[in-house]
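**Student:** Take a look at this one; I'll ask things after.
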Amino acid sequence: MGNLIVRRVTQMLLIMLTVSLLLFAIFDSDQFREKAAVAELGGFGVATLSADDYHEWLEKKGLNEPFLARYGRWLESVLHGDMGQSIEKDIAVSVLLKESLTNTGILAFFVFWIMIPVSLTLGVLAGMNTGSPLDRVISIVAVLTTSIPQIATAVLLTVILALGLGWVPTKSAMADGWSFRGLVLPLLTLLLYDIGYLVRMTRAAMTEVMASQYIRTAVLKGLPYRRVILRHALRNALIVPVTLIFLELNGLLSQVVVVEVFFQYAGFGRMLFDAANFGDLQVLQAATLVAVCVAVGSQLLSDAAYVFLNPRVRFT
Amino acid sequence: MNEHSLLPRLRDQLHSGRMDRREFIRFATLLGVAAGTAYAMAGMSAPAMASSTLPFPAAEPGAKRGGKLRVGEMVARMEDPATYNWNEMANQTRPILEYLTLVGPDNVVRPMLIESWKPSADLKTWTLQVRSGVMWHNGEELTAEHVAWNIRRWSDPALGSSNLGLSTFAALTEYTGDRDSKGRAVRRPLKNGVEVQDSRTVRLNLAKPVLSVAEDCGEFCTLVVHPSFKPPLSHNPIGTGPYTLVELRVGDRCILKRITKTTDGRDFHYWGGDVFLDEIHFHHYEQENQTAALASGSVDAIYELPVEQIELARSIPGAQILSVETAQTLCCRMQVDVKPFNDIRVRRAVVKAADNGAIKKLVFGEHGSVAANFHVAPIHPEYFPLPLQVRDVAGARQLLKEAGYENGIDLNIVVGNNDGPWQQAACEALRDQVKEAGINLAVTVVPATKFWEIWTKVPFGATSWAHRPLGTMALSQAYRTGASWNESHFSDPEFDKALSEAEATIDVPTRKARMQKVETILRDAAVVIQPMWRPVFILASARVHGYKAHPARQMQLTKVWMS
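Heads up: the sequence lines are chains C and F, in that order. In this text, residue positions in the first sequence follow my numbering: the first is 155, and each later residue adds one. In this text, residue positions in the second sequence follow my numbering: the first is -16, and each later residue adds one.
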């Protein structure tokens, strides 16, 4: 296990280094410099500047420095814990990152808190009685919610719950401070899709386990049904869903881009979207580091859970 | 008061019916007559103003003090007002910093931080009288030095301000004769362009006659900063307006509060009379989300109501939909020196195959008005109505055949949707129309920010042009030979000459007649397909009073109140 952790962390650091270098290289082009200039002065303003004045402006903003010097300086300050300054929002990247991660963290917490019990229960119930009316209902609903793209779900929920019934605000900007009502729409949008997906996976795993010979044996031995399910079936049926739940940690980071941008929730996804649109390099870099960290971290957790649930598997 | 020498002639024209009253008021105010007086000379009752010396409307009876206004718009950075490139930036700043002149929602310009302006007969020397009793937030009084410092700053080519595209500030620079590394002519500020005559008087000595000095001083990048200003403004905003910045979170919120004490601890006195709101909050909502935010009561007013959301807005109980006609437009312009557009027959074919009226109707329905490909709008005082060109598909085919494209031609138009998705809709309508003439037009949509990187470079592009109070203003920025925003590379000495003549003419019928030549040359050169003049809509809840739609989309909130 210790070996595994060391290997994954080394992997993570290497990926971070490569990705950050790549990002820097991509943004070290005349095109990007012009984009930064246009973002600050506007297309009309840039057209007004003479070539020499444009050069001077770049110099003043420190955009004209050689690529490796800039990268080296950035790397050094990151190692010292300073992630730089957002050009667009004019605040420290660490502050921005902390706030947006907190907001996304809150959202993710509620997603998992509701998604795990609901979908595991429904999935197991459906898988236990494959072909029963209960299974049919659960499966159809699950297929339905996963087949609608999140952006469509978002629009639908807004029209019904916010514009129609007026129960919740249309957008989750939460201008007057944090409120759970504001969180409802993004939360539901994420949940509808994720629960459906996890229910289907759990059901499939459970169905497979229920058809296996050791379950039949257990039933034929005359064990109480309850005990067969809880002791014998669940542990094996949960291997796949649990792995998926950990991977979902990572998947959520990309799902929140759509949902947070649509509902204007000030989280990690929206920060990433804004930064990419603006060409806010230091924010993008920091966000990428976080994303890599979450990806590798969730991989590690899922490996660990796998070992725990399936004693046959050993990572050496 | 000394009357301008041209004023009696204007009055004659008014009385003999050669000039209508609206035009008279516009031109009389241009020549330094207070708007109230001009309305009186024209025998009309002026819109109720607080007093003839203030640029604001009179307070409505029953106007209530206090409260906060929550505005939905994209909350933007506040770096340097002279290089602002979004209206939103100026909206957040306008309650803090102010203009020398204020262009009202009625498109009439009134003196704001200056008390009056007076041009010489040749329109090359303008005298600005600085308003007395205007207090900065740091307790100092506004002086002519401060005003001159700002104007000099706006006309410095090294600043990168779009103000240099305005005739007044361009006329305060000269060409050095050198070329920069990209081969463009280098400009520098005129030596004696801005002159401080005494503590209240500034004189502008312009390199050429300019009619629009008062208008230019109220354009959105000309907010007056204190000479101690260092960008970003949000770090130390010192202005003359009644509000100050409390908090700015880009992409989140911008909170403004009434200012009561100067930074040196004295009572702050606002020169502009009563102000009602205690606080103005801008909350970040993307353009397409603003109407929904108002519908659920998250905000009280929004920056702009997109035309495709009008139906949604109508369904909100009590919401006020306000609109105004503008000279904002979309120019589908072709670069006249790039193949295949260097053949005028190709350009004419595209223009002939297009049906401007149909595009306008499709995009804005009954709102807005049809444009006729010469970039002067009916609301401009010098507009000379040319007969509308009729769509002629057979003629277009014939022209293409003559140009050697009997099997049709493939073209590509680039659009950035900087002003909303309606621009793309207009281009797509154009695509469908010209297809009938054998022109296969592909529409390439690029992100708005990306568009401003390439807008002067693409051979065929759809650019949105902002409202300008006078028709000659856009022509001189966009179509004069070598102008920095000349995106079509159009160049015709005869056009330049005719335009210069028109620009130096104050006499309206003569000026109009001169515009006929200007407009005809531009239209016949088939440089742009310009389908429409777009209307502007805004939306506010029933509690908001005094918030008006503005042709240049300036949010003017100083006199707004909430019931």
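Every residue gets a Cβ at the ideal spot worked out from N, C-alpha and C, and that includes glycine.
1) List the residues of chain F that residue 327(C) touches, going by C-beta distances under 8 angstroms, in chain order.
2) So, do the segment 176 to 183 of chain F and the segment 74 to 92 of chain F have three or more beta carbon pairs nearer to each other than 8 angstroms?
3) Would residue 143(F) pass as a contact of residue 246(F) if the rule is Cβ separation under 8 angstroms?
4) Using beta-carbon positions only, say whether residue 233(C) and residue 457(C) come within less than 8 angstroms of one another.
5) Please classify residue 45(F) as buried or exposed, where buried requires at least 16 neighbouring CB atoms within 10 angstroms.
6) On the three-state DSSP scale, how would you describe residue 459(F)?
7) Would you tell me roughly how many angstroms separate the C-alpha atoms of residue 346(C) and residue 312(F), rounded to the nearest one?
8) In chain order, what residues of the same chain lie with their CB nearer than 7 angstroms to the CB of residue 341(C), ignoring the 5 residues before and after it?
9) Please list the terminal residues of the continuous beta strand (DSSP E) segment that includes residue 303(F).
10) Here's the rule: buried if 16 or more other CB atoms are within 10 angstroms of the residue's CB, otherwise exposed. What is residue 185(C)?
11) Using DSSP bridges, identify the partner residues of residue 181(F).
12) Is the beta carbon of residue 236(F) sitting closer than 8 angstroms to the one on residue 244(C)?
13) Just the chain C side, please: which residues come within less than 8 angstroms of residue 524(F) by C-beta, in chain order?
14) Does the separation of the CB atoms of residue 281(F) and residue 329(C) fall below 8 angstroms?
15) Closer than 8 angstroms, CB to CB, is residue 431(C) near chain F or not?
16) To the nearest angstrom, how far is the alpha carbon of residue 281(C) from that of residue 298(C)?
17) Starting from the N-terminal side, write out each stretch of the alpha helix (DSSP H) that is 4 residues or longer and does not extend beyond the segment 28 to 84 of chain F.
18) Taking only the alpha-carbon atoms, compute the straight-line gap between residue 310(F) and residue 457(F) and give it to the nearest angstrom.
19) Using only the alpha-carbon positions, how far apart do residue 159(F) and residue 168(F) sit?
20) What first and last residue would you give for the beta strand (DSSP E) that runs through residue 112(F)?
21) Is the shortest distance between the beta-carbon of residue 167(F) and the beta-carbons of chain C less than 8 angstroms?
22) I'd like to check one pair, residue 174(C) with residue 442(C): are the Cβ atoms closer than 8 angstroms?
23) Would you call the segment 333 to 351 of chain F in contact with the segment 399 to 414 of chain F, where contact means no fewer than 3 C-beta pairs closer than 8 angstroms?
24) In chain C, what lies closer than 9 angstroms to residue 326(F) by C-beta?
25) Determine which residues share a DSSP beta bridge with residue 244(F) and list them.
26) Give me the subset of the segment 208 to 238 of chain C whose CB atoms are less than 9 angstroms from a CB atom of chain F, sorted by chain position.
27) Taking residue 359(F) as the reference, give the member of 317(F), 157(F), 511(F), 140(F) with the closest Cα.
28) Here's the rule I'm using: 16 or more other beta-carbon atoms within 10 Å means buried, otherwise exposed. How should residue 285(F) be labelled?
29) When the distance is taken between beta carbons, is residue 259(F) closer than 8 angstroms to residue 543(F)?
30) Looking only at its own chain, which residues have a Cβ that is under 8 angstroms from the Cβ of residue 634(F), when we skip the five neighbours before and after it?
31) Got a sec: which bits of the segment 432 to 449 of chain F sit with their beta carbon under 8 angstroms from any beta carbon on chain C, in order along the chain?
32) Given that a residue counts as buried once 16 or more other Cβ atoms are within 10 Å of its Cβ, and exposed if not, what is residue 452(C)?
33) Under 8 angstroms, Cβ to Cβ, is there at least one residue of chain F near residue 203(C)?
34) Could you check whether residue 356(C) and residue 250(C) sit closer than 8 angstroms to each other, using their CB atoms as the reference points?
35) Any C-beta of chain F within less than 9 angstroms: which residues of the segment 186 to 201 of chain C qualify?
36) Quick one: is residue 63(F) buried, meaning 16 or more other Cβ sit within 10 Å of its Cβ, or exposed?
**Tutor:** Reading from the atomic positions:
1) 235, 266, 267, 268, 276, 281
2) no
3) no
4) no
5) exposed
6) helix
7) 43 angstroms
8) 261, 264, 265
9) 303 to 317
10) exposed
11) 184(F)
12) no
13) What residue 524(F) touches in chain C: nothing, since even the nearest Cβ is about 14 angstroms away.
14) yes
15) yes
16) 18 angstroms
17) 70 to 76
18) 10 angstroms
19) 8 angstroms
20) 108 to 113
21) yes
22) yes
23) yes
24) Those do not exist, as residue 326(F) stays about 26 angstroms from chain C at its closest Cβ, beyond 9 angstroms.
25) 250(F)
26) 208, 209, 210, 211
27) 511(F)
28) buried
29) yes
30) Residue 634(F) falls outside the range modelled here, since chain F spans only -16 to 546, and no answer is possible.
31) 432, 433, 434, 435, 436, 438, 439
32) buried
33) yes
34) no
35) 188, 189, 191, 192, 193, 194, 195, 196, 197, 198, 199, 200, 201
36) buried
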